[in-house]
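Chemist:
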Amino acid sequence: MFIRQPFDEFLEMKYERTTENSVKVTLPIKPLFVNSIGVIHGGIISTLADVALCNTIAPDANGKQTVVTVDLTVTFIKAAKSEFLTARAFALKKGRSLTHADCMIHDDQDNLVAKAKAVLFNQ
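Mapping of the sequence shown onto this note's numbering: residues 4 to 126, in sequence order.
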């Protein structure tokens with residue numbers, strides 16, 4: 004099960020759980036997501052990372068997230084021009100109150116375009 008949010012549905016994200024604590028999230032790219040120099044906007048990439056990272060921890064029985072982002076760091080590696088982006092995220096350590104998670108984002112040619120890490124608060 005994944006977090007159910009209208010925003011994620013609006014963006015048409017597709018989810019796949021790869022292990023108990025890891026996910027693959029794919030985002031199809033729309034012209035609206037491309038900035039004035041012709042590459043995918045960093046805010047879109049950051050949103051994809053945040054969604055993937057929060058989905059590393061399963062939601063509750065009603066599809067509500069059980070973690071919220073406390074800290075998100077995104078490092079942009081390469082300008083992204085792509086039909087879709089894929090985020091692969093995994094929880095590194097889940098403690099009593101905080102979870103640490105990492106994410107790698109690739110373009111449709113499997114080039115690394117960004118990496119992210121987050122500290123998530125366990126609700």
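Every residue gets a Cβ at the ideal spot worked out from N, C-alpha and C, and that includes glycine.
Using beta carbons (cut-off 7 Å, strictly below), is E86 in contact with chain B?
Modeler: Absent from the structure: chain B. Only one protein chain is present.
Chemist: For K120, tell me which candidate among N114, D74, M4 has the shortest Cα-Cα distance.
Modeler: Here residue 120 refers to the residue found at position 117 when the sequence shown is read from its first residue. Of the listed residues, the one whose Cα sits closest to K120 is D74.
Chemist: Which whole-angstrom value is the C-beta distance of A52 and V77, which I expect to be below 8 Å?
Modeler: Numbered from 1 along the sequence shown, position 49 holds the residue referred to as residue 52. Numbered from 1 along the sequence shown, position 74 holds the residue referred to as residue 77. Right, their Cβ atoms sit about 6 Å apart.
Chemist: Hey, V26 and N65: beta-carbon distance below 7 Å or not?
Modeler: Walking along the sequence shown from the start, residue 26 turns up at place 23. Walking along the sequence shown from the start, residue 65 turns up at place 62. No, Cβ-Cβ distance for V26 and N65 is not below 7 Å.
Chemist: Could you name the residues that DSSP lists as bridge partners for S25?
Modeler: Position 22 of the sequence shown, counted from the first residue, corresponds to residue 25. In DSSP, S25 forms a bridge with T22, F93.
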